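For the sequence shown, my numbering assigns the number 1003 to the initial residue and increments by one for each residue that follows. Idealized CB from N, CA, C, for every residue including glycine. Being a predicted model, the structure only gives us computed values, none of them experimental. To start, the structure itself, in structure tokens.
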Amino acid sequence: MDAVRIYGGNCLSGQTTIQGSKNASLPILAATLLINGICEIENCPDISDVYHMQRLLESLGCRVEREDSLVRVDTSCLRESNMPADSVGVMRSSIMLLGALLARTGSVRMEYPGGCVIGARPIDLHLQSLRRMGVEIDQQELGFSARAAGLRGIVFRLPFVSVGVTENLLLAAVLAEGMTVIEPAAREPEIQALCEFLIRAGARIEGTGSDRLVIHGVEKLMPVRYRVPADRIVAGTYMCSCMCAGGSVFLKDAPVRDMEVVVEYAGKLGAVVSYESDGILVAGRACGSLPCALRTGCYPDFPTDLQSPFMVVMAASGKRGRIEETVFENRFRIVPELMKMGADISVQGNTAYVNGVRRLHGAVVQAKELRGGAALVVAALAAEGTSIVTNRHYIDRGYEDIVFRLRELGAKIELA
Ligand code: EPZ
């Protein structure tokens, strides 16, 4: 079955090494299209979204090899710029190939990437911004074609911060004619990693990590070897696992620098979290009666991708809390599933009110998307009795071996 069975109640203990970042690997693999030659990307996680991106690159004619977590991409034989419909539909982040392909080949044909349960996920700002760089885009019912005789740099004043738009514009700008300014640019650590990769390949980018990126177009980029940073969202999810189930877990390689706000909120929920030189130690179940208010936002604010796991910690540990989701319009789909486990949560618009209970009880629940699915596994670890989380394939999109890793930490969990 495409499910996970968890027997709740075991404390967790030990160490788990945090995988490479999904949301850094994907744009960096897309960025290899800008480089004619062989790039080697280390620490790519073993997850289905990365495999989809590898297959997309192969469908364009690139040679892609994988040795453990090293992915080698040879784009010297790139021949296509029409993206296969089935792959684009499966993974939204295929939109990231748009900027790179336009810069490399000057033309792209692709279907609209689907929305998903967390929101409509439009690409209007992606297309609007590329048009201003000189791209002609012909939109049809199911997809669009884009052509650019040459991309020209411009100063962007974006109407709002978008991770994907910042990434697409970066990839279109590094080989464009002249200077490009992206403001406000997203500041997520994954964008910083993308900038580091591009700079190492010879791009001229100023303002990495700030909300204003200035890119001076260059003639050519050179092949590089680059190591993807660890995944802060996966590290935060395992932190929530310990805060729910209790015990003590060392998150080896957790990107300490990028997790300040997550650690701050874990402390507010009563966990004892300490920084080590090579990771983060989290101990103890969430506890205490102080209510907690959490609001998601763009980095360095609290990450929307950890909103569901933190909702579970509040719901499963008697905490009262208020969660305001400001990034996606429909990111509370986990609530009805948690209520099957005995959670007491009410939703009004983009705010969820959590009245935590002492303990959840096991149930059969359905993963509906990646982070909500992982959060249901976290909830089941602490629940009384047995739970089954169906649609495991959503979780496999972003979490490497989650069943094996949690079992190694002492959880009673198995594939079902
Ligand atoms: C990236 O999605 C991440 N995905 C998401 O992680 C993450 O939640 C999100 O950034 C916010 O941090 C990847 O990196 C692959 P946005 P992205 O553009 O780029 C609206 C996960 O679980 N918008 O910053 O799609 C959009 O609808 C995933 O790993 C437009 O309206 O996010 C959203 O409301 C989930 N028009 C807001 O902007 C556009 O053209 C922010 O989205 C583009 C975006």
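- In this chain, I1020 is not harboured by any beta strand (DSSP E), its DSSP state being neither H nor E.
- In this structure, S1310 has its beta carbon at no less than 7 Å from each heavy atom of ligand 1.
- With a cut-off of 7 Å, the C-beta of V1379 is classified as distant from ligand 1, since no heavy atom of the ligand falls inside that distance.
- Following the DSSP letters along the chain, one finds N1170 in no beta strand (DSSP E) but inside the alpha helix (DSSP H) bounded by residues V1165 to A1175.
- Counting only residues of its own chain and dropping the five nearest sequence neighbours on each side, I1037 has a CB closer than 8 Å to the CB of T1077, A1203, L1223, M1224, P1225 and V1226.
- D1070 is classed as exposed because its beta carbon has fewer than 16 other beta carbons within 10 Å across all chains shown.
- Rounded to whole angstroms, the gap between the alpha carbons of V1337 and A1384 is 17 Å.
- Looking at R1373, S1348, G1344 and E1402, the one whose alpha-carbon comes closest to that of S1389 is G1344.
- Annotated as proximal: C1242 and P1311, with beta-carbon spacing under 8 Å.
- Residue environment: A1151 is assigned as exposed (fewer than 16 neighbouring CB atoms within 10 Å of its CB, all protein chains considered).
- Counting only the Cα atoms, L1062 lies some 11 Å from T1107.
- Between S1147 and R1068, the alpha-carbon positions lie close to 31 Å from each other.
- The continuous alpha helix (DSSP H) containing H1395 extends over residues R1394 to D1398.
- At least one heavy atom of ligand 1 lies less than 7 Å from the C-beta of K1024.
- DSSP places I1037 in the coil class of the three-state scheme, outside both helix and strand.
- Taking C-beta atoms under 8 Å as the contact rule, V1236 and Y1401 qualify, at a distance of about 6 Å.
- Here DSSP, grouped into helix, strand and coil, assigns V1216 to strand.
- DSSP places D1126 in the uninterrupted alpha helix (DSSP H) bounded by D1126 to R1134.
- Where Y1355 is concerned, the enclosing beta strand (DSSP E) starts and stops at T1353 to N1357.
- The DSSP assignment places 1274-1278 and 1281-1285 as complete runs of the beta strand (DSSP E) inside the stretch 1252-1292, in order along the chain (cut-off: 3 residues).
- At least 8 Å separates the beta-carbon of G1238 from that of V1275.
- Within the stretch 1074-1120, the runs of beta strand (DSSP E) that reach at least 3 residues and sit entirely inside it are, in chain order, 1109-1113.
- As summarised for the stretch 1316-1381, the continuous beta strand (DSSP E) elements at least 3 residues long and confined to that stretch are 1322-1326, 1347-1350, 1353-1357 and 1366-1368, given in chain order.
- In the DSSP assignment, the residues bridged to F1158 are I1184.
- The straight-line gap separating the alpha-carbon atoms of A1256 and D1280 is approximately 7 Å.
- The distance from the Cβ of C1246 to that of S1319 is about 7 Å, consistent with a contact at the 8 Å cut-off.
- A straight line joining the alpha-carbon of A1288 with that of G1039 spans about 50 Å.
- Leaving aside the five residues that flank E1179 on each side, the residues in its chain whose CB is nearer than 8 Å to its CB run, in chain order, G1152, L1153, R1154, G1155 and G1219.
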